[in-house]
Amino acid sequence: MDNYTTKKLTIATIGIILAAMIFLHSPVVGYAQTSGTTKILRVGYFPNVNHAQAVIGFGTGEFQKELGSNIQVQPYIFNAGSSAIQALLANRVDVTYVGPGPAVNGYVASQGNGLRVISGAASGGVVFVVRNDSGIKSPKDFANKVFASPQLGNTQDIALRNYLHSKGYQTKDNGGNVTVTPVDNPTILTLFLKKQIDGAWVPEPWGARLVNEAGGKILVDESTLWPPDGKFVTTNIVARTDYLQQNPDVVKKLLAANVNETLWINNHTDDAIKLFNTEFQKLTGKTIKENELKQAWSRIQFTYDPLKLSLFQQANNAYDIGFLAKGKPRPDVSGIYDLTLLNQVLKEKGLQTIESGGIGTGTGTSKGGLAEAIP
Numbered sequence: 000m001d002n003y004t005t006k007k008l009t010i011a012t013i014g015i016i017l018a019a020m021i022f023l024h025s026p027v028v029g030y031a032q033t034s035g036t037t038k039i040l041r042v043g044y045f046p047n048v049n050h051a052q053a054v055i056g057f058g059t060g061e062f063q064k065e066l067g068s069n070i071q072v073q074p075y076i077f078n079a080g081s082s083a084i085q086a087l088l089a090n091r092v093d094v095t096y097v098g099p100g101p102a103v104n105g106y107v108a109s110q111g112n113g114l115r116v117i118s119g120a121a122s123g124g125v126v127f128v129v130r131n132d133s134g135i136k137s138p139k140d141f142a143n144k145v146f147a148s149p150q151l152g153n154t155q156d157i158a159l160r161n162y163l164h165s166k167g168y169q170t171k172d173n174g175g176n177v178t179v180t181p182v183d184n185p186t187i188l189t190l191f192l193k194k195q196i197d198g199a200w201v202p203e204p205w206g207a208r209l210v211n212e213a214g215g216k217i218l219v220d221e222s223t224l225w226p227p228d229g230k231f232v233t234t235n236i237v238a239r240t241d242y243l244q245q246n247p248d249v250v251k252k253l254l255a256a257n258v259n260e261t262l263w264i265n266n267h268t269d270d271a272i273k274l275f276n277t278e279f280q281k282l283t284g285k286t287i288k289e290n291e292l293k294q295a296w297s298r299i300q301f302t303y304d305p306l307k308l309s310l311f312q313q314a315n316n317a318y319d320i321g322f323l324a325k326g327k328p329r330p331d332v333s334g335i336y337d338l339t340l341l342n343q344v345l346k347e348k349g350l351q352t353i354e355s356g357g358i359g360t361g362t363g364t365s366k367g368g369l370a371e372a373i374p
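In numbering that gives the first Met the number 0, the protein residues as written are 0 to 374.
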């Protein structure tokens with residue numbers, strides 16, 4: 000990577016590293032904050048489609064109902080995974096919904112001590128959209144093109160760079176002839192409309208927006224790169240390790256709420272879409288066009304399974320292209336999971352527990368076989 004890219008990557012990750020240092024050198028403070036006899040649970044999430052359980056569950060009060068009157072939930076809204084992980088490691092939130100890339104970065108930066116993935120939330124919902132007039136019909140047309148991703152080193156950025164590498168291309172910062180420009184999703188839409196980029200690797204609903212509002216077409220649905228069943232994690236629930244160990248009763252109730260919301264969303268798609276848009280408007284002051292939201296929704300699978308193997312593969316991809324633990328041995332992230340409480344919840348609800356090879360689909364039924372995903 001050139002100095003410019005290295006500088007941007009450093010800026011994007013330095014907060015996580017500093018937060019991890021604070022975590023490693025601070026006394027254990029994981030007990031739930033209390034207000035009188037009421038415990039306080041601080042939960043982060045994004046106003047994104049792939050965080051639908053949180054958007055709906057917190058907005059409607061269903062999560063608070065599941066947690067009960069002696070636990071007061073305090074939601075915190077984030078717009079970037081690195082910010083959420085910084086807050087988690089700095090003890091400003093206790094649990095957060097977040098993508099696999101930031102979760103792995105936080106785990107590695109805290110030397111495996113700072114956090115644990117305790118549940119899945121969403122799979123899929125990521126597409127590579129190119130302009131119809133870009134001249135791109137297949138990967139053989141990528142030379143000298145300009146593509147965008149939402150954030151340097153984030154989950155979609157790594158996926159795009161890994162895909163380009165798999166097709167024989169190098170980015171310009173590595174001496175190649177393809178440019179990757181990391182900018183936020185609203186700016187991606189603007190650049191797409193102005194024809195200043197040729198394509199973008201984005202999460203939904205931005206894929207649907209680029210297609211419907213900016214003359215784009217889907218070149219790659221990332222789910223097609225994850226055999227055998229197209230499942231790959233895009234959102235997990237992550238808890239600070241000390242908080243998890245000292246407040247299992249609180250975390251278990253949150254996981255039960257997430258499982259309930261996942262089941263409801265998957266069994267009431269039309270109602271869930273409408274309710275999501277209502278709650279999304281409360282958070283952002285805007286709504287998503289109904290046709291775009293339905294298109295985006297159709298490419299996402301809501302699941303409490305964390306899809307372990309896909310996270311491990313994404314971590315390997317990030318390391319291989321120099322975005323994780325650069326200059327150090329490949330990190331071991333096998334200890335990032337603690338699914339004990341999730342499996343207790345699933346067992347109590349009569350649902351299949353999640354072992355090394357089992358999957359709970361989040362529909363009230365179950366299927367076997369994790370996607371051994373190698374994009």
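Built from N, CA and C at the ideal position, the CB exists for glycine as well.
Count the other CB atoms, across all protein chains shown, that sit within 10 Å of the CB of A256; report buried if there are 16 or more and exposed otherwise.
On the sequence shown, position 257 is the one that residue 256 refers to. Answer is buried; the Cβ neighbour count reaches 16.
Assuming F301 and A121 are in contact, meaning their beta carbons sit under 8 Å apart, how far apart are those beta carbons, in whole angstroms?
Taking the first residue of the sequence shown as position 1, residue 301 is located at position 302. Taking the first residue of the sequence shown as position 1, residue 121 is located at position 122. Rounded, the Cβ-Cβ distance is 6 Å, consistent with contact.
Span separating the alpha-carbon of L209 from that of G215
Translated into positions along the sequence shown, residue 209 becomes position 210. Translated into positions along the sequence shown, residue 215 becomes position 216. Going by the C-alpha atoms only, they are around 5 Å apart.
Starting from the Cα of Q71, find the closest Cα among V182, F231 and R41 and give me that residue.
Residue 71 sits at position 72 when you count from the first residue of the sequence shown. Nearest of V182, F231 and R41 to Q71, Cα basis: R41.
By Cβ distance, which residues of its chain are closer than 8 Å to A324, with the 5 residues on each side in sequence left out?
As a working mapping, residue 324 is identified with position 325 in the sequence shown. Result list for A324: V107, Y318 and P330, in chain order.
Tell me, which residues are paired with I70 by DSSP?
Indexing the sequence shown from 1 puts residue 70 at position 71. DSSP links I70 through a beta bridge to K38.
If you reduce the DSSP assignment to three classes, tell me which class P202 lands in.
The sequence position of residue 202 within the sequence shown is 203, counting from 1. Looking at P202 - three-state DSSP - the assignment turns out to be strand.
Suppose the cutoff is 6 Å on Cβ atoms and the five residues either side in sequence are ignored; what does the same chain contact list for K346 look like?
Here residue 346 is taken as the residue at index 347 of the sequence shown, counted from 1. So the list reads T352, once near-sequence residues are dropped.
Taking Cβ positions, are N290 and N211 nearer each other than 8 Å?
Numbered from 1 along the sequence shown, position 291 holds the residue referred to as residue 290. Numbered from 1 along the sequence shown, position 212 holds the residue referred to as residue 211. Cβ distance < 8 Å, so N290 and N211 count as in contact.
I299 vs N78 beta-carbon contact at 8 Å
Translated into the one-based positions of the sequence shown, residue 299 becomes position 300. Translated into the one-based positions of the sequence shown, residue 78 becomes position 79. Between I299 and N78, the CB-CB gap reaches or exceeds 8 Å.
Mind checking V27: buried by the 16 CB within 10 Å criterion, or exposed?
Start at 1 with the first residue of the sequence shown, and residue 27 comes out as number 28. The predicted position of V27 is uncertain, since its pLDDT is 45 and thus under 50; a value taken from the coordinates is nonetheless stated next. So V27 counts as exposed.
Nearest to A213 by CA position, among V249, D197 and T223, is which residue?
Reading the sequence shown from its first residue, position 214 is the one you call residue 213. Out of V249, D197 and T223, D197 has the C-alpha closest to the C-alpha of A213.
Bridge partners for K216 per DSSP, in chain order?
Here the question's residue 216 lines up with position 217 in the sequence shown. For K216, the pairing in a beta bridge is given by DSSP as V129.
Nearest-angstrom beta carbon gap, T180 and A147 [assumed within contact, 8 Å]:
Numbered from its first residue, the sequence shown carries residue 147 at position 148. Numbered from its first residue, the sequence shown carries residue 180 at position 181. About 5 Å separates the two Cβ atoms, so the contact holds.
Counting C-beta neighbours from all protein chains within 10 Å, is the total for K38 16 or more, i.e. buried, or is it exposed?
Start at 1 with the first residue of the sequence shown, and residue 38 comes out as number 39. Here K38 is buried, its C-beta having at least 16 other C-beta atoms within 10 Å.
Quick one: give me the first and last residue of the beta strand (DSSP E) that Y96 is part of.
As a first step, residue 96 is located in the sequence shown; it is residue number 97 there, counting from the start. Where Y96 is concerned, the enclosing beta strand (DSSP E) stretches over V94 to V97.
Should E354 be labelled buried (16 or more other beta-carbon atoms within 10 Å of its own) or exposed?
Position 355 of the sequence shown, counted from the start, is the residue given in the question as residue 354. Burial is judged here by how many other beta carbons sit within 10 angstroms of a residue's own beta carbon; E354 has fewer than 16 and is exposed.
Whole-angstrom distance between A238 and F311, CA atom to CA atom
What you label residue 311 is simply residue 312 of the sequence shown in a count that begins at 1. What you label residue 238 is simply residue 239 of the sequence shown in a count that begins at 1. Rounded to whole angstroms, the gap between the alpha carbons of F311 and A238 is 18 Å.
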